[in-house]
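Numbered per the numbering used here, the sequence shown spans residues 94 to 359. Here's the structure we're looking at; comments come further down.
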Amino acid sequence: MQPKYDILITAGYNPDKIDTIKELTGVHHKVLADVGGKPMVWHVVRAFVESGLAGEIVIVGLGEEYALDFGVPVHYVENQASLWKNLKAGFDALIQWGDPDRHIIAMSADSPLLTGEIVRWFVEACQPETSDLYWGVVRKEVMEQTFPTSKRTYLPLREGRFCSGDLFLGRLSAGLRIHAKMHDFIVYRKNPLKQMQLLGFGTLIRLLFRRLTLQGLLGVIERHMDITGTPVIAPFAELGMDVDKAFQYEMVLDYWAKHRGPAAHD
94 MQPKYDILIT AGYNPDKIDT IKELTGVHHK VLADVGGKPM VWHVVRAFVE
144 SGLAGEIVIV GLGEEYALDF GVPVHYVENQ ASLWKNLKAG FDALIQWGDP
194 DRHIIAMSAD SPLLTGEIVR WFVEACQPET SDLYWGVVRK EVMEQTFPTS
244 KRTYLPLREG RFCSGDLFLG RLSAGLRIHA KMHDFIVYRK NPLKQMQLLG
294 FGTLIRLLFR RLTLQGLLGV IERHMDITGT PVIAPFAELG MDVDKAFQYE
344 MVLDYWAKHR GPAAHD
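Here it is, written out as C-alpha cells:
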C-alpha cells in the first residue's frame, strides 16, 4: 500500500445542458448543492482527507472563484468540454507530482455520502495493487436495502446485478495509455447494453442471456483495453449513491438527516 494517494475529483459540467439539481437548489454548479450545510464536493474532499490516505488533491471542473474552504490545499483544473477531456486534464495535472506508474484514486464530486471509512476499506480491498485498475461496484440488493427507489443503472451478470460506485484506484500511466480507448465507454457510461456492444457482439449476447460472468467480463475488458483490472464489490450503498437527478438529491438529504444530521445523534 502506498502511504499516500493523489486524488482526482471530477466536477465537470456541460454549461449548455439543463441541470435539474442546479435548477432545484439555485447554485451555479451542481456539486455546490448543499448537503448537511456543506457543498456536495466538500464532503467528497473531506472523506479523502479523513481517510488519512490523501496526497495532492486535484478537482477538475471547479475554480477558486467559489472560495471553498476544504481545510487542506487543493489544485483546480478548468472545466473541459466533456468528462473524457476532464479526465485527461486531471491526468496531465497529476503527472507532474511523481512516478507515473504510481496508483491514484479518482472519484466523482457528486457522491456526498462517501466517507473516510469507505475510502480506507476500498484501498485495503485493492491490495496488493497488482492490477492497473480497480473500480468499486455495489450489488443491487445492497443498494435497494438503503435506497430502494434510487433507480441506479445495473449491469446484469450471472453473479447478480451491479451498479458502479464511481470510485477508482489505478495506475496513472495506465489511465494515460488507454485514455483514447475510454472515449466511447465514457459517453455510454449510463447505458450498459451499449458498453457491452462496444466490447463485441458475443459479449452483448452473453449479457442479454445472463451468461456473462464477472470474470468473463473482466477478461474481455482486459483484451479490449490492454489493461489489467479488478472489480471490488463493496458492501456500502453510500458508494453507489451519486446525485444525477432531483429525486436522488432528495434521497441523499433524507439519508443525511436520518444518519448524519443532528437528529441522528439525539
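Virtual Cβ for every residue (Gly too), placed ideally from N, Cα, C.
Report yes if the CB atom of residue i is closer than 8 Å to the CB atom of residue j, and no otherwise.
{"i": "V137", "j": "S204", "result": "yes"}
{"i": "R169", "j": "G156", "result": "Per the sequence shown, the amino acid found at residue 169 is Tyr instead of Arg. Yes, the pair counts as a contact, with Cβ atoms nearer than the cut-off."}
{"i": "V165", "j": "I150", "result": "yes"}
{"i": "A199", "j": "V134", "result": "no"}
{"i": "Y342", "j": "L117", "result": "yes"}
{"i": "V212", "j": "F141", "result": "yes"}
{"i": "L250", "j": "T306", "result": "yes"}
{"i": "I197", "j": "L310", "result": "no"}
{"i": "D277", "j": "L291", "result": "yes"}
{"i": "K97", "j": "L146", "result": "yes"}
{"i": "W177", "j": "M318", "result": "no"}
Express the C-alpha separation of residue j and residue i in angstroms, rounding to a whole number.
{"i": "V280", "j": "Y106", "result": "14 Å"}
{"i": "L332", "j": "T208", "result": "9 Å"}
{"i": "F302", "j": "V325", "result": "24 Å"}
{"i": "D185", "j": "A174", "result": "16 Å"}
{"i": "G191", "j": "I314", "result": "28 Å"}
{"i": "Q95", "j": "D194", "result": "12 Å"}
{"i": "F240", "j": "G295", "result": "33 Å"}
{"i": "S243", "j": "K233", "result": "10 Å"}
{"i": "R254", "j": "F261", "result": "19 Å"}
{"i": "Q189", "j": "H352", "result": "40 Å"}
{"i": "T323", "j": "V120", "result": "37 Å"}
{"i": "L125", "j": "D162", "result": "12 Å"}
{"i": "L346", "j": "V167", "result": "26 Å"}
{"i": "G293", "j": "L286", "result": "11 Å"}
For the beta strand (DSSP E) containing residue i, list its first residue and its last residue.
{"i": "V231", "result": "226-232"}
{"i": "F261", "result": "253-264"}
{"i": "G322", "result": "322-327"}
{"i": "A147", "result": "147-153"}
{"i": "A199", "result": "196-201"}
{"i": "L248", "result": "248-250"}
{"i": "V336", "result": "First-last for V336: undefined, no H or E at that position."}
Under DSSP, the alpha helix (DSSP H) around residue i begins and ends at which residues?
{"i": "Y348", "result": "339-352"}
{"i": "G295", "result": "294-301"}
{"i": "T118", "result": "113-118"}
{"i": "P285", "result": "285-291"}
{"i": "L101", "result": "No alpha helix (DSSP H) holds L101; the beta strand (DSSP E) holding it covers 98-103."}
{"i": "E315", "result": "307-318"}
{"i": "A140", "result": "133-144"}
Measuring alpha carbon to alpha carbon, tell me which residue in the options is nearest residue i.
{"i": "Y227", "options": "E116, L248, D259", "result": "D259"}
{"i": "H122", "options": "S175, E315, L286, Y159", "result": "Y159"}
{"i": "T103", "options": "K283, R353, G145, G154", "result": "G154"}
{"i": "T321", "options": "E222, C256, K97", "result": "E222"}
{"i": "T113", "options": "E343, A339, M344", "result": "A339"}
{"i": "E252", "options": "V120, V230, Y342, V124", "result": "V230"}
{"i": "K110", "options": "K274, S266, D337, V313", "result": "D337"}
{"i": "L187", "options": "I271, P285, Q290, L265", "result": "L265"}
{"i": "K283", "options": "P108, D335, E217, L101", "result": "D335"}
{"i": "C219", "options": "G263, A182, E237, R139", "result": "G263"}
{"i": "L248", "options": "V167, R304, L346", "result": "R304"}
{"i": "G354", "options": "K131, K97, S243", "result": "K131"}
{"i": "P108", "options": "L146, K97, N172", "result": "N172"}
{"i": "W214", "options": "Q308, S144, Q238", "result": "S144"}
Mark residue i as exposed unless 16 or more other C-beta atoms lie within 10 angstroms of its C-beta, in which case mark it buried.
{"i": "D359", "result": "Reliability of the predicted coordinates at D359 is poor, the pLDDT of 48 falling under 50, and the value obtained from them is presented with this limitation in mind. Classification of D359: exposed, given that the 10 Å Cβ count is below 16."}
{"i": "R316", "result": "exposed"}
{"i": "Q288", "result": "buried"}
{"i": "P328", "result": "exposed"}
{"i": "N179", "result": "buried"}
{"i": "M344", "result": "buried"}
{"i": "D99", "result": "buried"}
{"i": "L300", "result": "buried"}
{"i": "A267", "result": "buried"}
{"i": "G183", "result": "buried"}
{"i": "A273", "result": "exposed"}
{"i": "A330", "result": "buried"}
Going by the C-beta, is residue i closer than 7 Å to any heavy atom of the ligand SAM?
{"i": "A350", "result": "Among the components of this structure there are no ligands whatsoever, and the ligand SAM is therefore not found."}
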